[in-house]
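K.L.:
One structure, pasted below without further comment.
2 protein chains.
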Amino acid sequence: MDEHQIEQVRRFSRVVTQHVGALEDSYLRRGRPLSQARLLHEVGSNGIAVRTLRERLKLDSGYLSRLLRSLEAQGLVQTDAQASDARVRRVALTPKGVAERETYDALSNDLAWSFLEPLDPARRNRLVSAMAEVERLLRAGAVEVRAETPDSTAAQWCLEQYFTELAARVDMGFDPARSNSASIEEMTPPAGFFVVAWLDGGPVGCGALKVGMEGVGEVKRMWTAASARGLGIARRVLRGLETKAHEAGLTRLRLETNRALTEAQALYRAEGYQEVKPFNTEPYAHHWFEKRL
Amino acid sequence: MDEHQIEQVRRFSRVVTQHVGALEDSYLRRGRPLSQARLLHEVGSNGIAVRTLRERLKLDSGYLSRLLRSLEAQGLVQTDAQASDARVRRVALTPKGVAERETYDALSNDLAWSFLEPLDPARRNRLVSAMAEVERLLRAGAVEVRAETPDSTAAQWCLEQYFTELAARVDMGFDPARSNSASIEEMTPPAGFFVVAWLDGGPVGCGALKVGMEGVGEVKRMWTAASARGLGIARRVLRGLETKAHEAGLTRLRLETNRALTEAQALYRAEGYQEVKPFNTEPYAHHWFEKRL
DNA sequence: GATGTTCTCTGACTAAAGTCAGAGAATGGA
DNA sequence: TCCATTCTCTGACTTTAGTCAGAGAACATC
Chain F
1 MDEHQIEQVR RFSRVVTQHV GALEDSYLRR GRPLSQARLL HEVGSNGIAV RTLRERLKLD
61 SGYLSRLLRS LEAQGLVQTD AQASDARVRR VALTPKGVAE RETYDALSND LAWSFLEPLD
121 PARRNRLVSA MAEVERLLRA GAVEVRAETP DSTAAQWCLE QYFTELAARV DMGFDPARSN
181 SASIEEMTPP AGFFVVAWLD GGPVGCGALK VGMEGVGEVK RMWTAASARG LGIARRVLRG
241 LETKAHEAGL TRLRLETNRA LTEAQALYRA EGYQEVKPFN TEPYAHHWFE KRL
Chain X
1 MDEHQIEQVR RFSRVVTQHV GALEDSYLRR GRPLSQARLL HEVGSNGIAV RTLRERLKLD
61 SGYLSRLLRS LEAQGLVQTD AQASDARVRR VALTPKGVAE RETYDALSND LAWSFLEPLD
121 PARRNRLVSA MAEVERLLRA GAVEVRAETP DSTAAQWCLE QYFTELAARV DMGFDPARSN
181 SASIEEMTPP AGFFVVAWLD GGPVGCGALK VGMEGVGEVK RMWTAASARG LGIARRVLRG
241 LETKAHEAGL TRLRLETNRA LTEAQALYRA EGYQEVKPFN TEPYAHHWFE KRL
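Protein chains in written order, with UniProt numbering: chain F, 1 to 293; chain X, 1 to 293.
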């Protein structure tokens, strides 16, 4: 816990909330409560189910209903029963609602521009890059790594992505059947583990561990979503697996990787894995690594 | 108006408010309304006048009074009449209030730390620097440059700072009496102009323009507060003066500067001023510049 | 000592934001 | 067909945040 860093984060928060808070004022100047304005923003013109809205904005069902009635009375939205299930209702913007939403959008743009406008182009660029950096790193901090069963929806989805990406990146393509196995049983405790990285409620990365003989484990299925690269997710997944390995009493971890996956190799080296002679005949591997825990 | 930049600013705002907004939740978990918590934070243990509080937090006097009564009832603050003027009342934290404020402070620290904690040290440093950059540049954007009369309190204060700083930085010291003049009359429209840069309600920079013969003006008294360097204030003051000069029908601007003031020289060159032969006998000057408007 | 001003407080009021309990329609499964 | 469940809605209520008008004490000035 570095005092200076914390002090800087707090100063940042103070200044930023002050600036960004101005958005609410500008929204309120349109004479509509904030809750309604926010709702308007979330209702797309192609419609959204009321229950989805409720979950997304975390509103009480009665409260949301009343807000919708109010927007309806203003002629901004329209609600109809969903075709497939008449209990759930869908809300959509009317043309007037679309126009109103665009006005709010313009206000948001104005505020954003008001940050940039007084700066000279060089400072403007610096501000935008720094904002991008803050945004990325805050998101990175929000990533959560959890163990999941390898047959869960999230795990299966990750594996699918992993295979698709391998097929695209590895020279000659990738055929799971020809590769060394990591079956659901092999990744289910206590024979192995599967961890998933979550961001914004969806999986963005994964990794698996096969517990083997003589204290040796194997790291498999390391994958990070393209949309979430550079956030240190793979590192956290790897460390998560190492913790699991340690708990399982393993003393050595092995892994192999394809020459096309250069970021992966850099990560392994940085995390203390050393390149060793091939310890298996995996046809897609070019590099073999090992780490003593 | 760059679409991408605006988009980035908006994305930033969204992510940051989401994160920083968590502070309010953590404050609310102490079972006290936000307004009271904020107030507690502003009341120092050494006391503050109610009217100062009212101005700083921009609260209605009746509302503030009620908030104070509530904090009083909880035994967190104490109010007494000010010794010098019994109309104004001073509020101070009780020992219990101090403890409570420290709890809120700890919550703020916890939140700040929660941003940093999940990151590895390299990313942590990057986040903190990026936050510092954003904070600085947002503040820079909040700077306002306005014309003031040179005998106003703000202008006089700036000039005082300017002379003090010159005396400290210039070799042999600085004596205004020996330097070429820029009297109050010479800086008062239409004979001249004086502009002040404001930040957070206080002056942080200034500059003056003397309107001369044959369309030639002179830039004088360029100064930026040490606490506000690097925000592009001098540049904006200079441009403000140039606008005034243009409006006054001037076609050329001149200025001279001391060799110790290297940032100033860099600014003048960057803004299109060219070094020329001495056009006066200012004893403290080593460089003379001119720009055609 | 009278008079206007400053400062704080009380009373009366409002709007926004939200909570909670149930009613009633639609649906899924036994 | 019956029954439990899901989904939305209405009614009744609360807290927070704030506004406005004026009362009353203390002070400054003439």
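Every residue gets a Cβ at the ideal spot worked out from N, C-alpha and C, and that includes glycine.
1) For M172(X), name the three-state secondary structure that DSSP assigns.
2) Quick check on DSSP: helix, strand or coil for D110(F)?
3) Quick one: which chain X residues come within Cβ less than 8 Å of G232(F)?
4) Could you give the first and the last residue of the continuous beta strand (DSSP E) run that contains L209(X)?
5) Check for me: the beta strand (DSSP E) holding D80(F) runs from which residue to which?
6) For G141(F), would you say it is in contact with chain X, using Cβ-to-Cβ distances shorter than 8 Å as the test?
7) Beta-carbon separation of F193(F) and A182(F) under 8 Å?
8) Look at C206(F) and V237(F) and say whether their C-beta atoms are less than 8 Å apart.
9) Starting from M131(F), trace the beta strand (DSSP E) both ways and give me its first and last residue.
10) Quick check on Q18(X): buried or exposed, where buried means 16 or more other Cβ atoms within 10 Å of its Cβ?
11) Using three-state DSSP, classify F279(X) as helix, strand or coil.
12) Going along chain F in order, which residues have a C-beta closer than 8 Å to the C-beta of N280(X)?
13) Residues in the UniProt domain "N-acetyltransferase" (143 to 293) of chain F with C-beta within 9 Å of chain X's C-beta atoms, listed in sequence order?
14) Where does L231(F) fall in DSSP's three states?
15) Where does R30(X) sit, in a helix, a strand or coil, going by DSSP?
16) Quick one: using the 10 Å Cβ neighbour count with 16 as the cut-off for buried, is E55(X) buried or exposed?
17) Give a yes or no on whether the minimum CB-CB distance between R11(F) and chain X is below 8 Å.
18) Opposite I48(X) in the DSSP bridges: which residues?
19) For R139(F), which residues of its own chain have a beta-carbon under 7 Å away from its beta-carbon, when the five flanking residues on both sides are left out?
20) Hey, quick one: how far does the beta strand (DSSP E) through A197(F) stretch, first residue to last?
21) What three-state label does DSSP hand E271(X) in the structure shown?
22) Report back the beta-carbon spacing between T188(F) and T164(F) to the nearest angstrom; my notes put them in contact at under 8 Å.
23) Taking C-beta pairs closer than 7 Å, name the residues in chain X that R126(F) reaches, listed in chain order.
24) May I have the straight-line CA-CA distance separating L107(F) from S152(X), to the nearest angstrom?
25) Along the chain, where does the alpha helix (DSSP H) that runs through E72(F) open and close?
26) Kindly indicate which residue of N180(X), G202(X), V195(X) and I184(X) has the alpha-carbon position closest to the one of E256(X).
27) Just reading off the alpha helix (DSSP H) that H19(F) is part of, what are its end residues?
28) With respect to the beta strand (DSSP E) encompassing M222(X), which residues constitute its N-terminal and C-terminal limits?
29) Counting only Cβ pairs nearer than 7 Å, list the residues of chain X close to T17(F).
30) Report back the beta-carbon spacing between V128(F) and Q8(X) to the nearest angstrom; my notes put them in contact at under 8 Å.
31) Report yes or no: do three or more beta-carbon pairs, one from the segment 85 to 98 of chain F and one from the segment 111 to 127 of chain F, lie closer than 8 Å?
32) Since I6(X) meets chain F, which of its residues come closer than 8 Å, beta carbon to beta carbon?
P.N.:
With the structure as the only source:
1) coil
2) helix
3) L119, D120 and R123
4) G202 to V211
5) V77 to A81
6) yes
7) no
8) yes
9) Per DSSP, M131(F) belongs to no beta strand (DSSP E); it is in the alpha helix (DSSP H), P121 to G141.
10) exposed
11) coil
12) Neighbours of N280(X) on chain F: none; closest Cβ ~30 Å, over 8 Å.
13) V143, E144, L231, G232, R235 and R236
14) coil
15) coil
16) exposed
17) yes
18) V91(X)
19) L199 and L231
20) G192 to L199
21) coil
22) Their Cβ separation, rounded to whole angstroms, is 23 Å, which puts T188(F) and T164(F) out of contact at 8 Å.
23) E133 and L137
24) 36 Å
25) S61 to A73
26) N180(X)
27) E3 to V20
28) V216 to T224
29) V20
30) 5 Å
31) no
32) N109, A112, W113 and L116
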